[in-house]
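Here the structure is laid out as structure tokens; the discussion comes afterwards.
2 protein chains.
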Amino acid sequence: MTVQDIRAFNRFYTNVIGALDYSRQLYAPYTLTESRVLYELAHSPRTDAADLRGELSLDAGYLSRILNKFEQDGLIERAPSRQDPRRRRVTLTARGRETAALLAERANESVGALLSTVPAADRPRLAEAMRTVRTILADGHRPRPEDVVLREPGPGDLGWIVQRNAALYAAEYGWNADYEGLVARIVADFAEDHDPHLERVWIAELDGRPVGCVMCVRDEAPATARLRLLLVEPDTRGLGIGDRLVRAVVDFARGVGYRDLVLWTNDVLASARRIYQRHGFVLVAEKPHRSFGKDLNGQDWRLDLSGTGE
Amino acid sequence: MTVQDIRAFNRFYTNVIGALDYSRQLYAPYTLTESRVLYELAHSPRTDAADLRGELSLDAGYLSRILNKFEQDGLIERAPSRQDPRRRRVTLTARGRETAALLAERANESVGALLSTVPAADRPRLAEAMRTVRTILADGHRPRPEDVVLREPGPGDLGWIVQRNAALYAAEYGWNADYEGLVARIVADFAEDHDPHLERVWIAELDGRPVGCVMCVRDEAPATARLRLLLVEPDTRGLGIGDRLVRAVVDFARGVGYRDLVLWTNDVLASARRIYQRHGFVLVAEKPHRSFGKDLNGQDWRLDLSGTGE
DNA sequence: GCGATATCTCTGACTGAGTCAACCATCGGA
DNA sequence: TCCGATGGTTGACTCAGTCAGAGATATCGC
Numbered sequence: 000m001t002v003q004d005i006r007a008f009n010r011f012y013t014n015v016i017g018a019l020d021y022s023r024q025l026y027a028p029y030t031l032t033e034s035r036v037l038y039e040l041a042h043s044p045r046t047d048a049a050d051l052r053g054e055l056s057l058d059a060g061y062l063s064r065i066l067n068k069f070e071q072d073g074l075i076e077r078a079p080s081r082q083d084p085r086r087r088r089v090t091l092t093a094r095g096r097e098t099a100a101l102l103a104e105r106a107n108e109s110v111g112a113l114l115s116t117v118p119a120a121d122r123p124r125l126a127e128a129m130r131t132v133r134t135i136l137a138d139g140h141r142p143r144p145e146d147v148v149l150r151e152p153g154p155g156d157l158g159w160i161v162q163r164n165a166a167l168y169a170a171e172y173g174w175n176a177d178y179e180g181l182v183a184r185i186v187a188d189f190a191e192d193h194d195p196h197l198e199r200v201w202i203a204e205l206d207g208r209p210v211g212c213v214m215c216v217r218d219e220a221p222a223t224a225r226l227r228l229l230l231v232e233p234d235t236r237g238l239g240i241g242d243r244l245v246r247a248v249v250d251f252a253r254g255v256g257y258r259d260l261v262l263w264t265n266d267v268l269a270s271a272r273r274i275y276q277r278h279g280f281v282l283v284a285e286k287p288h289r290s291f292g293k294d295l296n297g298q299d300w301r302l303d304l305s306g307t308g309e
Numbered sequence: 000m001t002v003q004d005i006r007a008f009n010r011f012y013t014n015v016i017g018a019l020d021y022s023r024q025l026y027a028p029y030t031l032t033e034s035r036v037l038y039e040l041a042h043s044p045r046t047d048a049a050d051l052r053g054e055l056s057l058d059a060g061y062l063s064r065i066l067n068k069f070e071q072d073g074l075i076e077r078a079p080s081r082q083d084p085r086r087r088r089v090t091l092t093a094r095g096r097e098t099a100a101l102l103a104e105r106a107n108e109s110v111g112a113l114l115s116t117v118p119a120a121d122r123p124r125l126a127e128a129m130r131t132v133r134t135i136l137a138d139g140h141r142p143r144p145e146d147v148v149l150r151e152p153g154p155g156d157l158g159w160i161v162q163r164n165a166a167l168y169a170a171e172y173g174w175n176a177d178y179e180g181l182v183a184r185i186v187a188d189f190a191e192d193h194d195p196h197l198e199r200v201w202i203a204e205l206d207g208r209p210v211g212c213v214m215c216v217r218d219e220a221p222a223t224a225r226l227r228l229l230l231v232e233p234d235t236r237g238l239g240i241g242d243r244l245v246r247a248v249v250d251f252a253r254g255v256g257y258r259d260l261v262l263w264t265n266d267v268l269a270s271a272r273r274i275y276q277r278h279g280f281v282l283v284a285e286k287p288h289r290s291f292g293k294d295l296n297g298q299d300w301r302l303d304l305s306g307t308g309e
């Protein structure tokens, strides 16, 4: 992603916005700025002038005059604020609310006209893309751990697991299509036949997008569960998602009565290993093997669930 | 997707752009409009004034004055156009190019500052989302059949097949997770073991995004190939993608020496049926069954490849 | 070839959105 | 109680952008 991409988008979107309010008929008899003020008032009906100034970053004198005009037109009333007599509390009148609604309606129609030109099939993608741009660009956009939710898989989520496992390990470690086959096999086995009380998949979701997964299935050994397919999207690492997924499996396995929880991984997956260690897994075996087009070191880990717990 | 979503995005992005060119220091000693003209000139160095007017939708008088200023500052030269003496051909001078580069550099820095606040991991998603918004909103956005390419699957594409099959048939026909399991099984079988000379998967790609797929595998019957997992994204239907995928399979199957091509589908999938019929498949058997949580009518279709062909 | 009409450019005259500076009132902290 | 900071108002100003008219030339119908 380059600066040029963003500039190109800015130019493009400036035109989109420009096309939307062509000739200002939209705001008559007010200006764009005035209608922005009105919009702000309509959405927080009791605000001080200083708040408006900050929110819309307007010149104080300019805003003062705009409010004069609104007061003359009977759209607002001004009174000194209780807490601080220097400040002026602005409240919309009934007429002001009507006018705001009128302007909003006109803007809606204009945007609706634009929207009607995009095929209905494209709209969800458009909405999704706009949301993505907003959340990424919104300042202070650091997704917080509490924005991540764990849930059961829905339609397509098992396919997502296959897709992301294959794409990520191909990109990060160069694994070949055999790995995609293995994951597809694991997922197919799970989908075709699993005991919902003893086997489960979790999807970690952030802003409506899946960003992680893990699976817990019965192992051949008695009273033993196997953790599989732990994955966290690279751009959401550091939020403790892996920890939460593993904890979900551990809690679930312990809760339904397994005595042991095992997993198989490879030594190149360092960050996953640290997660396992944090949850008390211990390395019980290690064996080199050739898979997925690479020479790897397979590791078996085990966690004793019958212990006193951490 | 509602009109409100778009308006919210517009408000948001207006602020982004506003924050970018705060206080006009960016364009000094020129204005935003002037620098837009300069930008346009720098990117198509020999244009007529009328072109500029159209491109930037400026008032003719306003543009004339801007060009006057540029000429005085030695940024451009004006001469009557050859073909039409009414028009004025505008060419940038060396000094004009310098100035344009300077302004571009300043804008780049400003955008770069914005970009530096987004974590590197988010940038690909941001670029992708911006591209999506642009292509969808760009007027005349009707993807053309020649924009679609068929290719071999890459890492993650088999997972994509599972994901989209499951999500689409769940949304359109209410099929349950059994179907996702079946698709995962088919894909896993293919991934784990297939003869690349006799079995193959195609992905249809549009604008870098997968929008369709189909698989051709060996059947139990001798010299018989089986077409599976034909899928086209709903928002790209009508571009002949399904036809191209099926044709790819038919040509491939005939080319490597299969004598028969069979497929199994369900009667609810009407549009797929029409594609099969167009390619000469004939219905050979029909049987009700209960699968994927629904009562369905399974159909076996067959195409004789040894015939004279169409 | 001729007139009617449209297009391109330019200039003069204007509007009005937004800025700047000065001023008064009040708050909050030393 | 003083002093710097903040909130609000008004006057004066700038300058981006619009509108109308005029001169030059192209294009179209005849």
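Each protein sequence line maps, in turn, to chains A and B. Each residue of the first sequence is one higher than the one before, starting from 0 at the first, in numbering that gives the first Met the number 0. Each residue of the second sequence is one higher than the one before, starting from 0 at the first, in numbering that gives the first Met the number 0. C-beta: ideal position from N, C-alpha, C; glycine also.
Neighbouring residues, chain B, relative to residue i (Cβ below 7 Å)
i               : result
Arg12 (chain A) : Note on residue identity: the sequence assigns Tyr, not Arg, to residue 12 (chain A). Going along chain B in sequence order, the residues near Tyr12 (chain A) (Cβ under 7 Å) are Tyr12.
Phe8 (chain A)  : Met129, Arg133
Val15 (chain A) : Leu136
Ile36 (chain A) : Reading off the sequence, residue 36 (chain A) comes out as Val, not Ile. Near Val36 (chain A) there are no residues of chain B at all, since even the closest Cβ is about 13 Å away, more than 7 Å.
Integer Cβ distance of residue i from residue j, believed to fall under 8 Å
i                : j                : result
Arg62 (chain A)  : Ile75 (chain A)  : The amino acid at residue 62 (chain A) is misidentified as Arg; the sequence shows Leu. About 12 Å separates the two Cβ atoms, so there is no contact after all.
Gly158 (chain A) : Glu179 (chain B) : 6 Å
Thr223 (chain A) : Val261 (chain A) : 6 Å
Val231 (chain A) : Tyr275 (chain A) : With a Cβ gap of about 13 Å, Val231 (chain A) and Tyr275 (chain A) do not count as contacting.
Arg52 (chain A)  : Ala41 (chain A)  : At roughly 17 Å, the Cβ-Cβ gap does not stay under 8 Å, so Arg52 (chain A) and Ala41 (chain A) are not in contact.
Leu304 (chain A) : Asp259 (chain A) : 6 Å
Val161 (chain B) : Val161 (chain A) : 5 Å
Pro154 (chain A) : Ala166 (chain B) : 5 Å
Gly297 (chain B) : Asn265 (chain B) : 6 Å
Thr98 (chain A)  : Leu37 (chain A)  : 7 Å
Leu57 (chain B)  : Glu39 (chain B)  : 10 Å between Cβ atoms; not a contact.
Ala190 (chain A) : Ala203 (chain B) : In fact, because the Cβ distance is near 25 Å, the residues do not count as touching under 8 Å.
Ala247 (chain A) : Trp300 (chain A) : Actually they do not touch by this definition, with Cβ atoms about 17 Å apart.
Pro251 (chain B) : Arg199 (chain B) : Note on identity: in this sequence residue 251 (chain B) is Phe, with Pro being the wrong assignment. Right, their Cβ atoms sit about 6 Å apart.
Glu70 (chain A)  : Arg77 (chain A)  : 6 Å
Asp121 (chain A) : Asp4 (chain B)   : Not a contact, Cβ separation roughly 13 Å.
Contacts that residue i makes with chain B (C-beta to C-beta distance below 8 Å)
i                : result
Val2 (chain A)   : Asn107, Val110, Gly111, Leu114
Arg217 (chain A) : Those within 8 Å of Arg217 (chain A) in chain B number zero; the least Cβ separation is about 17 Å.
Pro118 (chain A) : Asp234
Proximal chain A residues relative to residue i, where beta-carbon distance stays under 9 Å
i                : result
Ala203 (chain B) : Neighbours of Ala203 (chain B) on chain A: none; closest Cβ ~16 Å, over 9 Å.
Under 9 Å from the C-beta of residue i: neighbouring residues of chain B
i                : result
Leu125 (chain A) : Met0, Asp4, Ile5, Thr131, Val132, Ile135, Leu136
Val213 (chain A) : The contacting residues do not exist; Val213 (chain A) stays about 16 Å from chain B at best.
Gly180 (chain A) : Leu157, Val186, Ala187, Asp188, Phe189, Ala190, Glu191, Asp192
Residues that residue i contacts on chain A, provided the C-beta gap is smaller than 7 Å
i                : result
Arg184 (chain B) : Ala187, Glu191
Asp320 (chain B) : No information on residue 320 (chain B) is available, as it lies outside the stretch 0 to 309 that chain B covers here.
Does the segment 178-193 of chain B come close enough to the segment 205-220 of chain B to have 3 or more Cβ pairs within less than 8 Å? yes
Contained alpha helix (DSSP H) runs [length at least 4] in the segment 59-131 of chain A, N- to C-terminal order: 59-71, 93-115
Measuring CB atoms only, is the segment 234-249 of chain B touching the segment 142-152 of chain B, in the sense that at least three cross pairs come out at less than 8 Å? yes
Counting only runs that start and end within the segment 215-297 of chain A, where is the beta strand (DSSP E) found for 3 or more residues in a row? 223-231, 259-265, 281-290
Taking contact to mean at least 3 C-beta pairs separated by less than 8 Å, is the segment 125-137 of chain A in contact with the segment 122-137 of chain B? yes
I'd like to know if the segment 4-22 of chain B and the segment 4-18 of chain A are in contact, where contact means that at least 3 CB-CB pairs between them fall below 8 Å. yes
Residues of the segment 143-160 of chain A with Cβ closer than 9 Å to any Cβ of chain B, in chain order: Pro152, Gly153, Pro154, Gly155, Asp156, Leu157, Gly158, Trp159, Ile160
Taking a cut of 7 Å between CB atoms, which residues from the segment 218-245 of chain A lie near chain B? Pro233, Asp234
With three or more beta-carbon pairs closer than 8 Å as the criterion, would you say the segment 46-62 of chain B touches the segment 80-91 of chain B? yes
Just by C-beta distance, which residues in the segment 158-178 of chain B are closer than 9 Å to chain A? Gly158, Trp159, Ile160, Val161, Gln162, Arg163, Asn164, Ala165, Ala166, Leu167, Tyr168, Ala169, Ala170, Trp174, Asn175, Ala176, Asp177, Tyr178
Against chain B: residues of the segment 79-95 of chain A by CB proximity under 7 Å: none
Fully enclosed by the segment 145-205 of chain A, which beta strand (DSSP E) runs are 3 residues long or longer? 147-150, 199-205
Any contact of the segment 92-100 of chain A with the segment 111-120 of chain B, i.e. 3+ C-beta pairs under 8 Å? no
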